[in-house]
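> Residue numbering for the sequence shown follows this note's numbering, starting at 1009 and increasing by one per position.
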Amino acid sequence: MPFDKLYVKIKCPMCDGTKLFKHSGHHSPREPYKGKSCPYCDHEGTQLIEACESTIVNYLAELGDEALKSVIEKIPKAKN
1009 MPFDKLYVKI
1019 KCPMCDGTKL
1029 FKHSGHHSPR
1039 EPYKGKSCPY
1049 CDHEGTQLIE
1059 ACESTIVNYL
1069 AELGDEALKS
1079 VIEKIPKAKN
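If you want it as structure tokens, here you go:
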């Protein structure tokens, strides 16, 4: 059963991928690096967001001819 949405992994915009959450009262001002880890991202400092159709189209448009041809050739195989 195929998924009807595509997700993209991005660097966490709240902690910039560092896992150190300094944008709130989670930390002591005297010890800024003793803060709690970021509650918005995973252990790699990334988040999953839904990719809109235009993002997918833009990504495919930026691929080179060989890479795009390879992707298109794999689509019928993936259906089986």
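Even glycine gets a Cβ: it sits at the ideal position worked out from N, Cα and C.
Label Cys1060 either buried or exposed according to how many other C-beta atoms from any shown protein chain fall within 10 Å of its C-beta, with 16 as the threshold for buried.
Exposed.
> Could you work out which residue in Thr1063, Lys1017, Gly1053, Tyr1015 is closest to Lys1029 when comparing CA atoms only?
In the sequence under discussion, the amino acid at residue 1029 is Phe, which differs from the Lys named in the question. With distances taken between Cα atoms, Phe1029 lies closest to Gly1053.
> With a Cβ-Cβ cutoff of 8 Å, do Leu1068 and Tyr1015 count as a contact?
No, they are not a contact pair.
> So, Lys1017 versus Gly1025, is the Cβ gap smaller than 8 Å?
In this structure, Gly1025 does not lie closer than 8 Å to Lys1017 by Cβ.
> Who pairs with Val956 in a beta bridge, going by DSSP?
Because the chain spans 1009 through 1088 in this model, residue 956 falls outside it and cannot be assessed.
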